[in-house]
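Order-wise, the sequence lines are chains A and B. Going by the working numbering, the first sequence opens with residue 944, and the numbers climb by one from there. Going by the working numbering, the second sequence opens with residue 11, and the numbers climb by one from there. Glycine included, C-beta positions come from ideal geometry on N, C-alpha and C.
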Amino acid sequence: VRNGGSPDTTQLLKGVLDLAVLAVLADRDSYGYDVVRRLRDSGLHGVGDASVYGTLRRLHQAGALTSYAVASGEGPHRRYYRLNEAGQALLAETARAWSGVTHALDALLDGREVRP
Amino acid sequence: MTGANRLDDVTAYAAAVRAALADLPAAARADLQDDLESHLAEVAAESDAPLRERLGPPEAYAADLRAAYGVQTGTKGITEVAGGRRRWRSPRWRIAGAVAVTLAAAGILLPLVLAIATPPAPPAPERGDRWSYEQLVAEARAGHVRTMDIVGRTAVATDRTGLWHDVAVPGSTEPLAAEMTRDGVDTTYRQATSAQYWFTVLLPNLGLLVLVAGFGVALVLVIRRAPARPRAGWR
């Protein structure tokens, strides 16, 4: 994780990058750099290019994503990633785990000064 | 940056990243580098700044790649769920599964077919009381004993009425066999440890043994040839 973003956010992002990438691909198929752009557009400015690319390759290798090549106007083909059935199951599972964690943390932080 | 310069930049940066990944297992390296160049080209096309400025040094880029690819970034179990599903779907595991099912079916069907094909055995003689050695000798002398089967330290006598009797045999069974034969008893005598004895015991199970051994060898081959998967601990 590089390219700006406060160190704290960067550390937090590492743990949830899988979920973020899966969620982005659940909307529509994307190629690597498009995923990076969409994550940053959604407010996750701290995501690093290599981290996203490595995550995509790992999820693909793990069978959560299928991929296909699409010719782009100039330059090499783009590799698009698509969330398959296993990926959707993984997304649902991870989202459940994530929501459990956020609920617990919300309860911990509730009423404290640290809360923004 | 001109198109040619940009291409050079991508090529040089990609080469440096590759070099930094050179120590990875071949399968992981190939997977990570699959469309690295086209991906970097996308990044480069966005701006005129050189890649080194936008992405940092290639070594750091490669380190991030490794971390995201090899180290579990999500909850531990989650990545393993996906990996586990994939593993059982790979052709290698499908073949292993088919072999296992075939062997299991053969193991169940073969004895069944043999049992059907084999004519039913004549009804077994009924069991009489146990004889002491002295009883046996007395019965044999009286001509009541038809057959005598001695295997190692155990012996079974069948009398003229068709009843069979366990017999307590003395320490040495060879004189016993000799005496029985003298008394006109149809005696079979085998040493328990003779090769023939083991052969008759093992023969019915030989097919099963071969099946089990073959399955074990196949399983070991499959496991040893399974390709490396992304796992934690490559840093």
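Tell me the rounded alpha-carbon separation between residue i and residue j.
i	j	result
B:Ser-182	B:Leu-231	50 angstroms
A:Leu-1008	A:Gly-975	12 angstroms
B:Gly-94	B:Ala-14	With a pLDDT of 46 at B:Gly-94, under the threshold of 50, the predicted position of this residue should be treated as unreliable, though the coordinate-derived value follows. Roughly 44 angstroms between the two C-alpha positions.
B:Glu-189	B:Pro-180	13 angstroms
B:Gly-84	A:Leu-999	With a pLDDT of 34 at B:Gly-84, under the threshold of 50, the modelled position of this residue cannot be trusted; read the value that follows with caution. Going from the Cα of B:Gly-84 to the Cα of A:Leu-999 covers about 13 angstroms.
B:Ala-40	B:Leu-46	10 angstroms
A:Arg-983	B:Ala-114	54 angstroms
B:Ala-223	B:Leu-229	10 angstroms
B:Lys-86	A:Val-967	At B:Lys-86, the pLDDT of 35 sits below 50, so the modelled position is not reliable; the number obtained from the coordinates is stated separately. Taking the straight line from one Cα to the other gives about 21 angstroms.
B:Asp-19	B:Gln-43	17 angstroms
B:Arg-140	B:Leu-119	39 angstroms
B:Pro-68	A:Gly-1006	28 angstroms
A:His-1003	A:Ser-1010	8 angstroms
B:Arg-64	A:Ala-1050	39 angstroms
B:Thr-164	B:Gly-217	28 angstroms
B:Ile-233	B:Gly-226	11 angstroms
B:Trp-103	A:Asn-1027	21 angstroms
A:Ala-1040	B:Leu-213	57 angstroms
B:Ala-32	B:Ala-38	10 angstroms
B:Ala-167	B:Thr-128	27 angstroms
A:Thr-1045	A:Arg-980	25 angstroms
B:Val-109	B:Gln-145	57 angstroms
A:Leu-1052	A:Glu-1036	25 angstroms
Could you give the residue range of the alpha helix (DSSP H) that holds residue i?
i	result
A:Arg-983	975-984
A:Thr-998	992-1004
B:Ala-59	Per DSSP, B:Ala-59 belongs to no alpha helix (DSSP H) and is neither H nor E.
A:Ser-1015	Unbroken run through A:Ser-1015: none, as it is neither H nor E.
B:Asp-159	No alpha helix (DSSP H) contains B:Asp-159, which is instead part of the beta strand (DSSP E) from 155-161.
A:Ser-1042	1028-1052
B:Ala-38	36-42
B:Arg-140	B:Arg-140 -> no alpha helix (DSSP H), and no H or E assigned at all.
B:Thr-191	184-192
A:Ala-1007	Counting along the chain, A:Ala-1007 falls outside any alpha helix (DSSP H), and DSSP gives it neither H nor E.
So which residues of chain A does residue i contact, with C-beta pairs closer than 9 angstroms?
i	result
B:Leu-263	In the structure as shown, chain B starts at 11 and stops at 245, and residue 263 of chain B therefore has no counterpart that could be examined.
B:Asp-33	Per Cβ cutoff of 9 angstroms: no residues; B:Asp-33 is ~16 angstroms from chain A at best.
B:Leu-75	Ala-993, Ser-994, Tyr-996, Gly-997, Arg-1000
Does the Cβ-Cβ distance between residue i and residue j come in under 8 angstroms?
i	j	result
B:Tyr-143	B:Ala-178	yes
A:His-1020	A:Ala-1012	yes
B:Val-53	A:Asp-961	no
A:Asp-977	A:Arg-1025	no
B:Ala-78	A:Gly-989	no
A:Leu-925	A:Leu-1033	Here chain A covers residues 944 to 1059 and nothing more, so residue 925 of chain A does not appear.
B:Asp-196	B:Thr-171	no
B:Ser-57	A:Arg-1022	no
B:Thr-198	B:Asp-159	yes
B:Ala-116	B:Leu-221	yes
Looking at the unbroken beta strand (DSSP E) that takes in residue i, where does it start and where does it end?
i	result
B:Trp-174	174-177
B:Ala-165	164-169
Given that residue i touches chain A, what residues does it touch there, using C-beta distances under 7 angstroms?
i	result
B:Val-53	Tyr-976, Asp-992
B:Glu-47	Pro-1019
B:Tyr-79	Gly-997, Arg-1000, Arg-1001
B:Tyr-23	Those do not exist, as B:Tyr-23 stays about 11 angstroms from chain A at its closest Cβ, beyond 7 angstroms.
B:Leu-231	Neighbours of B:Leu-231 on chain A: none; closest Cβ ~23 angstroms, over 7 angstroms.
B:Leu-221	The contacting residues do not exist; B:Leu-221 stays about 32 angstroms from chain A at best.
Name, please, each residue of chain A whose Cβ falls closer than 8 angstroms to the Cβ of residue i.
i	result
B:Asp-58	Those do not exist, as B:Asp-58 stays about 16 angstroms from chain A at its closest Cβ, beyond 8 angstroms.
B:Asp-18	Residues of chain A passing the Cβ test: none, with the nearest at roughly 14 angstroms.
Using the beta-carbon of each residue, which ones in chain B are nearer than 9 angstroms to residue i?
i	result
A:Arg-1022	Asp-44, Asp-45, Ser-48, His-49
Using a C-beta to C-beta distance shorter than 7 angstroms, which residues of chain B count as neighbours of residue i?
i	result
A:Gln-1031	Going along chain B, no residue has its Cβ under 7 angstroms from A:Gln-1031, so there is no contact; the nearest lies around 11 angstroms.
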